[in-house]
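Novice: Read in order, the letters of the sequence shown are residues -18 to -1, 1 to 249 in mature numbering (1 follows the signal peptide of the UniProt record, and there is no 0). Glycine included, every Cβ here is placed at the ideal spot set by N, Cα and C. Fair warning: this is a prediction, and the values are worked out from it, not measured in the lab. Here's a structure for you.
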Amino acid sequence: MFLGPCAGLLTLLNVVSTLQLDENSPCSGLGCRKTVSMPLLDQMKGNLKADFDVSEMNQLLKVYIDQEIRSGVEIGMKNSVDNMINSRMQQVQQETTSVIDKNMSRYISDFESKMTKLKQDNEKEFSEMKKVSKKYAFFATLSSDRSNLPANAVVMFDTVSLNEGDAYDGTTGIFTCPEDGLYHFSWTTVSNPGKDFTSVLVANDRKIAENAADSDSVSDAMTGTSNVIVRMMKRQKAWIGVQGSDGKNLKKIWVGSPCSMFSGFKL
């Protein structure tokens, strides 16, 4: 049929075929053809027919659809993985926070217990240090000579120049133990020529040691000194007493300085 200027007379174009997406797939019919036939109608009411090659368009559509499918799958997988990661991270964060809270509570409790014990130990140690650091010591001499003292009489060294801890009483000549421990005592006696003076340290109601200044057979003054260490309990007492009848004379001064004396301290 002669179309003449049919291109200017075309008024309607209908595509009546399904496009093939996979050229290698075994199929038959209109949908698998590489060409598409479409009816044309001109103003002269004559039937026209045109065939179009759509194989290249099928290939392009296939590539496009593959890309869209791949892109959709990737996006879906990415979103799913992101959601899984976020969910797991939240779970891990919650679990970690819970563990940290429990551990911190335990650590804080342990720390407070250790600090409390350390404070108690320090207070105890400080208390012991105060006890150790407290000193007890005394030193006493005579205010005048002593003569003809009776047996077992307490020798009152009544001039007290040192009395750390106030354990010695110069008005009685007696030391009262302030706390349990070891105590060192020393005393010196000086007697005039021809007059003896024998003394004894009494502690815990026991005679501990004697000191003799034997001057009855010499023409000069005699002196004697004794040192003892005694374990004493709190409130026990110690003093210097006259031993027997030899309490005849006890000098206060020798060449201007005190010479008869009594001292003691806690070790």
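#1: Could you pull the start and end residues of the beta strand (DSSP E) that A220 belongs to?
#2: Would you mind reading off the limits of the beta strand (DSSP E) that contains S245?
#3: Roughly how many angstroms separate the alpha carbons of G238 and D127, rounded to a whole number?
#4: Does the count of Cβ pairs from the segment 205 to 224 and the segment 180 to 187 closer than 8 Å reach three?
#5: Helix, strand or coil for T153 per DSSP?
#6: Considering only C-alpha positions, which residue in the set W236, K248, G246 and S227 is nearest to N134?
#7: Hey, D162 and K216: beta-carbon distance below 7 Å or not?
#8: Would you mind stating whether I235 and L164 have Cβ atoms separated by less than 7 Å?
#9: State the Cα-Cα distance for the pair F247 and S208, rounded to the nearest angstrom.
#10: In terms of alpha-carbon separation, which member of Y89, A119 and G176 lies closest to D148?
#11: When the Cα atoms are used, what is the spatial distance from L3 to R70?
#12: In the DSSP assignment, find the beta strand (DSSP E) that holds residue 250 and state where it starts and stops.
#13: Please check the pair V142 and G152, which I expect to be a contact at CB under 8 Å, by giving their CB distance rounded to whole angstroms.
#14: Less than 7 Å between the beta carbons of K233 and S242, yes or no?
#15: What are the boundary residues of the beta strand (DSSP E) that includes L183?
#16: Rounded C-beta distance between A122 and Y150? I'm assuming under 8 Å.
#17: Inspect the beta-carbon positions of P175 and S201 and report whether they are closer than 7 Å.
#18: So, with DSSP's three-state summary, where would you put S168?
#19: To the nearest angstrom, how far is the alpha carbon of I90 from that of N65?
#20: Does the beta-carbon distance from T170 to F179 come in below 7 Å?
#21: Pull up the DSSP beta-bridge partners for A122, would you.
#22: Can you tell me whether DSSP reads S239 as helix, strand or coil?
#23: Report the option in E146, R52 and S125 whose CA atom is closest to the CA atom of M138.
#24: Please report how far the alpha carbon of H166 lies from the alpha carbon of M214, in whole angstroms.
Specialist: Let's see:
#1: K219 to G229
#2: M243 to K248
#3: 13 Å
#4: yes
#5: coil
#6: S227
#7: yes
#8: no
#9: 15 Å
#10: A119
#11: Confidence in L3 is poor, its pLDDT being 41 and thus under 50, which makes the residue's placement unreliable; the coordinate value appears in the next sentence. Computed Cα separation, rounded: 41 Å.
#12: Examination of residue 250 is not possible in this model, given that the chain is present from -18 through 249 alone.
#13: 4 Å
#14: yes
#15: F179 to A185
#16: 6 Å
#17: yes
#18: strand
#19: 37 Å
#20: no
#21: V142 and F244
#22: strand
#23: S125
#24: 10 Å
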